[in-house]
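K.L.:
Sequential numbering of the sequence shown, starting at 34, is according to my numbering.
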Amino acid sequence: IARLNRFAPPTLVGRSTNSLTWGWETDPPPPSDLNILDSEDLENSTNIPSPEAGQYEVGSLGPNSPHRVRVRAIYPGFRLDSDDSLPAHTLALPPKSVSLSRAGDNALTISWQLNGNPVGTIYRIDAIPAAGLPITGRTSGSSWTTGSLDSNQPYAVTVRSINGDGIETSIS
C-alpha cells in the first residue's frame, strides 16, 4: 500500500499583469487527475490539462489583484488537497497620461490615470532635481503635490505603480 502525504502548497513561479503561474510537487503515486482551486471559492476548480508539468498558469486576472490557490490531486476513490498557497498579486500596470500643474509658487501637482489598476494601488512619485536629493511620495490616489521645490532647479518627475507584493512598474 502506497503512503500518501499531504503535498506542499503551490508556489508562485511566474506572474504578469493578468496571470499567475503556480508550481507544485506531489508524492508518488501520480494522481489520475489534478485540479487547481481558488482558495476563496473551493467549489470552482479547473482541471489541469498537463499535471505532469508541475505548473499551471491561471489567466484572465486583473492587474494588481490578489489570489491564493490550492491543488487537488484526485486518486481512485479519494482526493487529496494541498494547503493554500501564500497570497500573490499580479503585476500592476504603469500609470498613464502623467501631467504636471503649478501648485503655488514653488510646488507642483503631479496627476495620472490609473490605467486599469484597482482602487488602493499604491503609486510612487519622484521629483528629481538636477542636483540634490529627490523628493519622493506615495499615495493610493491619482495625484500628489510636492512640498516646496527649489525654484532655481529643473526637476524630472516619475510615477510608478506598486503591486500588493511591493513590485514596482517601469517609470511613466
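Glycine is no exception: its CB is placed at the ideal position from the N, C-alpha and C atoms.
Computed from a predicted model, the values in this text were never measured in an experiment.
Within the same chain, show all residues whose beta-carbon is closer than 8 angstroms to that of Asp-117, passing over the 5 residues directly before and after it, in chain order.
P.N.:
Along the sequence shown, read from residue 1 onward, the residue named residue 117 stands at position 84. Here the set comprises Pro-42, Ser-72, Arg-101, Val-102, Arg-103.
K.L.:
Going by the CB atoms, is the gap between Ser-134 and Thr-142 shorter than 7 angstroms?
P.N.:
Mapped onto the sequence shown, residue 142 falls at position 109. Mapped onto the sequence shown, residue 134 falls at position 101. Cβ atoms of Thr-142 and Ser-134: closer than 7 angstroms.
K.L.:
With which residues is Ala-121 paired in a DSSP beta bridge?
P.N.:
Reading the sequence shown from its first residue, position 88 is the one you call residue 121. His-100.
K.L.:
Let me check one thing: in DSSP terms, what residues is Pro-162 bridge-paired to?
P.N.:
Counting from 1 along the sequence shown, the entry for residue 162 is found at position 129. Tyr-188, per the DSSP bridge assignment.
K.L.:
Nearest by alpha-carbon distance to Tyr-188: which of Leu-45, Ile-168, Ala-121, Ser-176 is it?
P.N.:
What you label residue 188 is simply residue 155 of the sequence shown in a count that begins at 1. Tyr-188 has its Cα closest to that of Ile-168, out of Leu-45, Ile-168, Ala-121, Ser-176.
K.L.:
The beta strand (DSSP E) spanning Thr-142 covers which residue range?
P.N.:
Here residue 142 refers to the residue found at position 109 when the sequence shown is read from its first residue. First-last of the beta strand (DSSP E) with Thr-142: 141 to 146.
K.L.:
Count the other C-beta atoms from every protein chain shown that fall within 10 angstroms of the C-beta of Ala-125, then say buried if there are 16 or more, exposed otherwise.
P.N.:
Position 92 of the sequence shown, counting from 1, holds the residue named residue 125. Result: buried.
K.L.:
Start and end of the beta strand (DSSP E) containing Gly-199?
P.N.:
What you label residue 199 is simply residue 166 of the sequence shown in a count that begins at 1. Where Gly-199 is concerned, there is no enclosing beta strand (DSSP E), given that its DSSP letter is neither H nor E.
K.L.:
Buried or exposed for Ser-115, going by 16 or more other Cβ atoms inside 10 Å?
P.N.:
On the sequence shown, position 82 is the one that residue 115 refers to. Ser-115 should be labelled buried.
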